[in-house]
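Q:
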Amino acid sequence: MFDILKTAAGMKLSALLCFTALCMFFSPAESAGSSTGEPAVDRARYITIDEIHPGQEAYCLTVLEGSKVERFGLEILSVIHNIRPGRDAIVVIGTDERFKHTGPIRGCSGSPVYIEGRLAGALSGGWSFSKDPLYQVTPIEDMLRVGPQSDTQALASTGNPVSLGLDFSAPIDLADINKRLTTGCANSQLITQNLELLITSLPAEVCDQVAPWFEPLGLLPVAGGSTNSELKTKNSELTFEPGACLTIPLASGDISMAAIGTATEVVDNKVLAFGHGFLGYGDVELPMASGRVHTVASNMQISFKLATAGPIIGAVRADCATGIYGEIGARPKLIPMRITIDHFSNAVDNPRTYDCEVAVNRIYTPLVTQAALIGAIAAAGTLPPEHTVRYRAGIGVDGFEAISFENVSSGRSVRELANEAVGTIGMLMNNPYQRVNINSLDFEVEILPKNILSNIWSVNLSDAKVRPGQTVDVSVVLLSYLSEKKTHTLQFKVPGNLAPGRYDVLVAGAYEYEKFLRKVSPHKFTTHDMPTLVEALRELLSIRRDRLYLTMTLPPGGIVIRRAELGDLPQTKAILLGDAKRTTTFLPMQHWLQKDTYTGDIIIGQKTFKITVER
207 MFDILKTAAG MKLSALLCFT ALCMFFSPAE SAGSSTGEPA VDRARYITID
257 EIHPGQEAYC LTVLEGSKVE RFGLEILSVI HNIRPGRDAI VVIGTDERFK
307 HTGPIRGCSG SPVYIEGRLA GALSGGWSFS KDPLYQVTPI EDMLRVGPQS
357 DTQALASTGN PVSLGLDFSA PIDLADINKR LTTGCANSQL ITQNLELLIT
407 SLPAEVCDQV APWFEPLGLL PVAGGSTNSE LKTKNSELTF EPGACLTIPL
457 ASGDISMAAI GTATEVVDNK VLAFGHGFLG YGDVELPMAS GRVHTVASNM
507 QISFKLATAG PIIGAVRADC ATGIYGEIGA RPKLIPMRIT IDHFSNAVDN
557 PRTYDCEVAV NRIYTPLVTQ AALIGAIAAA GTLPPEHTVR YRAGIGVDGF
607 EAISFENVSS GRSVRELANE AVGTIGMLMN NPYQRVNINS LDFEVEILPK
657 NILSNIWSVN LSDAKVRPGQ TVDVSVVLLS YLSEKKTHTL QFKVPGNLAP
707 GRYDVLVAGA YEYEKFLRKV SPHKFTTHDM PTLVEALREL LSIRRDRLYL
757 TMTLPPGGIV IRRAELGDLP QTKAILLGDA KRTTTFLPMQ HWLQKDTYTG
807 DIIIGQKTFK ITVER
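Under the working numbering, the first residue of the sequence shown is numbered 207, with each subsequent residue one higher.
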C-alpha cells in the first residue's frame, strides 16, 4: 500500500513499492557545500525543484517485464511545496499507453524521473482507484541529502520508527509479546509506504493470514512463484542501473519474502532507491538484491509488479524518509534458519526441510520467522480440526548457550509454537539491555491427526489429615477426548518440620501451573539484564504442557531481591533491608512443594483442595 495522504477529493495517496538506497552522490568539488550548509547539487546531472514547472515533458525508467529497463513518457502537472514540513513534491501523469492501461503500479517506487536528460527525482507514490496514471515524485535533492551517519537520524525521525511498548519490568508473557509484534505496529501508527512482499513457495492463503501484520508496516504480501534453478541462473546475471528492479529479501532460500522496488541512481557502488523510506530507521543493515519482473498485474485499485528477487549483491545502509541508501558488495548480516516439517499426510517427501536466511531487524525478523513457520506447515498440508503439533526449537545467541525447548499443543494450530518462538526472538531483539546477535534458528515440527486434550475428572487423596514426614498418594483421573479415562498417581512427602495447619494443594495442567508460578514467584519471569532475560526465558520455556503438576503451598520465609532467593535469611537482616533509607526492593519468598509426571496429554483445568497437618 501507499503512504496515505488525504487529497481535497478524498482520494488516498499511497507510496509505491520500492526499495530506495540512500546515499550522498556528490563529487569532491561539490562536497564543499553551499552558503546554506547544504551540499551543492551537480546541476549538469540533476534538475532541482526550482527549475521544474507544469507542462514540462519528462520520462521515467522502470522494468515492467523481465530485467529490461524501459522508458515511459510523463508530463509534469504541478509542484506542491511543503507537502510535508520542509518537503516538496512533484506531481506527474504517465503519457505512455502502458501506464494509461495499468494506472499507478506498486513496485515503481524509485523509478528515476528525468527532465531534459537530468535526474529530477523518483516515483514514490500514487493514488489508489485513480483513473489516470498519477504519481508523486520525490525531488532528487531530498534523496541526495541522505546517507549513513550523515543527516540520517534527523531525516529518519519523520518515519515514526516502531515502538512496541514492551514492559521489561513486568514478568515475561510471550503470548503478549507476540501479540504486540503482530498488532503493535498498527497501534503505533507506523503507516509508511506499503511495499509489496513477494512470498515464494508459500501458499496464497498464508499471505492473507499474515497481511494484517505487515500492512501497517507498509508491506502487502503477495504470493509469487518459486525461485527454481533456471531463474537462479537468469537472476545471477542481473545488475543495478537506474530503473532496474531492486529488492530487499527479508527471507531468502527455500522460503523467500522480498520487498520489490526500483533503483533511482547508481554511482560506483552506491545506490539510491524507493523515493521514500522502508521503515525510516536511519542506519540499517538489510540485504539488497536485484530482481526480475514476471508481469504487471493490472488492478482497479492499484496495479503491482509480480517479481522474483535475485541474488543478494549488497546491503542497505541507510533508511530515511526520502529513500534508502545501499552499497553494492557490502555483506549484510543474515540469520540461517532451518524448518523441518513432518506431516502425517505426506507419505513421500516427509519430513520436508526448508533452509533459509533471514534479514536482521528487530521488527521484521520475528514476523518473517512466524510467517515462514506458518507457510512451511501450510505447504505440507492442512491441519485437520483434531490435530496435535509437537515441536522442538533452538535459538542460537552469541555469548550464550542456545535457547532450546520442546513442547506440544493440540487444537490451537501453530499459535503456541509462534508465541514461544517468535515471542522469544522478539524479546531478545528488542531488549533494552544490550544488542543481541541471533546466529541461528532451528525448528522441527511434527503434525499428528489427533486430539490429546484432557480434563481432570477427579482427584483422590490417600489421607486428608497427615503428619509431618508422612507420604501422601494423590490419584488423578483424566477424561480424554474420545478415549477411556486414565489414572495417574502423584506422591509427595510432607516436610518433617512443617507446622500444624491447613495447606492448599493444587493439581493442574501446564496452563494453570504457570499461573500459579506467576503468582507465587513472579521474580522467576522478571528480567534486570541480559543474563536474567535469558534465564527467565529458559524458565518459562521449560514448562511442558504434556505433564500433570501438583503443588502444596508452604509458609513464606526469607526474601527475594530481584532474582536472588535468600530463603534462609535471618529475620533481623530482612528487617534491615526494609529500612526506608534503602532503595533496594525485595519481596517475601514463597515456598512450595512440587511434583509432576508425564501424561502424554495436555491437561485443561485444575482441582484445588486442602490438607490438614497434625502433630
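Glycine included, every Cβ here is placed at the ideal spot set by N, Cα and C. The structure displayed is predicted, hence computed values, not measured ones.
Is it right to say Ala553 is buried, meaning 16 or more other beta carbons lie within 10 angstroms of its own, or is it exposed?
A: Exposed: under 16 other Cβ atoms inside 10 Å.
Q: Going by alpha carbons, who is nearest to Tyr531 out of Asp548, Tyr597, Met543 and Ile454?
A: With distances taken between Cα atoms, Tyr531 lies closest to Ile454.
Q: According to the Cβ coordinates, are Ile289 and Gly261 closer than 8 Å?
A: Result no, Cβ atoms of Ile289 and Gly261 do not sit closer than 8 Å.
Q: Can you list, in chain order, the residues of its chain whose CB lies under 7 Å from that of Asp735, leaving out five sequence neighbours each side?
A: Excluding residues within five positions, the ones whose Cβ falls inside 7 Å are Tyr639.
Q: Among all the DSSP beta bridges, which residues are the ones paired with Gly520?
A: Bridge partners of Gly520: Met494 and Ile534.
Q: Do Arg498 and Gly272 have their C-beta atoms closer together than 8 Å?
A: Yes, the Cβ-Cβ distance between Arg498 and Gly272 is below 8 Å.
Q: With a threshold of 8 Å between beta carbons, is Ile286 in contact with chain D?
A: Absent from the structure is chain D; it holds one protein chain and no more.
Q: Identify whether Gln262 lies in helix, strand or coil by the three-state DSSP scheme.
A: Of the three classes helix, strand and coil, the one that applies to Gln262 here is coil, per DSSP.
Q: Is it true that the CB of Val416 sits closer than 8 Å to the CB of Ala585?
A: Not a contact, by the Cβ cut-off of 8 Å.
Q: If you draw a straight line from the alpha carbon of Gly424 to that of Leu688, how long is it in whole angstroms?
A: Rounded to whole angstroms, Gly424 to Leu688 spans 46 Å at the Cα level.
Q: Can you check whether the CB of Leu634 is closer than 8 Å to the CB of Val642?
A: Yes, the pair counts as a contact, with Cβ atoms nearer than the cut-off.
Q: If you draw a straight line from the alpha carbon of Ser233 to that of Val595, how long is it in whole angstroms?
A: Note that Ser233 scores 37 on pLDDT, short of 50, meaning its location in the model is unreliable and no value can be drawn from it.
Q: Counting only the same chain and skipping the five closest in sequence on each side, list residues whose C-beta sits under 7 Å from that of Asp460.
A: Within the same chain, Asp460 has close Cβ partners Ser407, Tyr560, Asp561 and Cys562.
Q: Please determine, among Pro590, Ala410 and Ser646, the residue with the shortest C-alpha to C-alpha distance to Val620.
A: For the residues Pro590, Ala410 and Ser646, the minimum Cα distance to Val620 belongs to Pro590.
Q: Who does Phe611 pair with in a DSSP beta bridge?
A: Looking at the DSSP assignment, Phe611 forms a beta bridge with Ala599.
Q: Helix or strand or just coil, what does DSSP make of Glu829?
A: In this structure the chain extends from 207 to 821, so residue 829 is not present and cannot be described.
Q: Go ahead and pull the three-state DSSP assignment for Glu447.
A: Coil at Glu447, not helix or strand.
Q: Determine whether the beta carbon atoms of Ala328 and Gly529 lie at a separation below 8 Å.
A: Cβ atoms of Ala328 and Gly529: closer than 8 Å.
Q: In the DSSP assignment, the beta strand (DSSP E) including Leu579 goes from what residue to what residue?
A: Counting along the chain, Leu579 falls outside any beta strand (DSSP E), though it belongs to the alpha helix (DSSP H) covering Tyr570 to Ala586.
Q: Among Gly488, Ala670 and Phe611, whose alpha-carbon lies nearest the alpha-carbon of Arg750?
A: When each option's Cα is compared against that of Arg750, the closest is Phe611.
Q: In chain order, which beta strand (DSSP E) runs of at least 3 residues are fully inside the region 652 to 691?
A: Fully enclosed beta strand (DSSP E) runs of 3 or longer: 659 to 667 and 677 to 686.
Q: Tell me whether Cys229 sits in a helix, a strand or coil according to DSSP, three-state version.
A: For Cys229, the predicted structure reports a pLDDT of 34, less than 50, and the residue's modelled location is therefore unreliable. A value from the coordinates is still provided. Coil.
Q: Identify every residue that forms a DSSP beta bridge with Ala515.
A: Gly497.
Q: Report the three-state DSSP secondary structure of Lys306 (helix, strand or coil).
A: Helix.
Q: Which residue's Cα is closest to the Cα of Ile810: Ser615, Ala608 and Gly430?
A: Minimum Cα distance to Ile810 is reached at Ser615.
Q: Can you look up Gly529 in the DSSP assignment and give me helix, strand or coil?
A: Residue state, collapsed to three classes: strand.
Q: Thinking C-alpha only, which one of Val343, Ile569, Tyr597 and Gly600 is nearest Gly300?
A: Closest option to Gly300, Cα to Cα, is Val343.
Q: Leaving out five residues on either side along the sequence, give the residues of the same chain with a beta carbon under 6 Å from the beta carbon of Ala599.
A: Same-chain partners within the cutoff: Phe611, Ala627 and Phe649.
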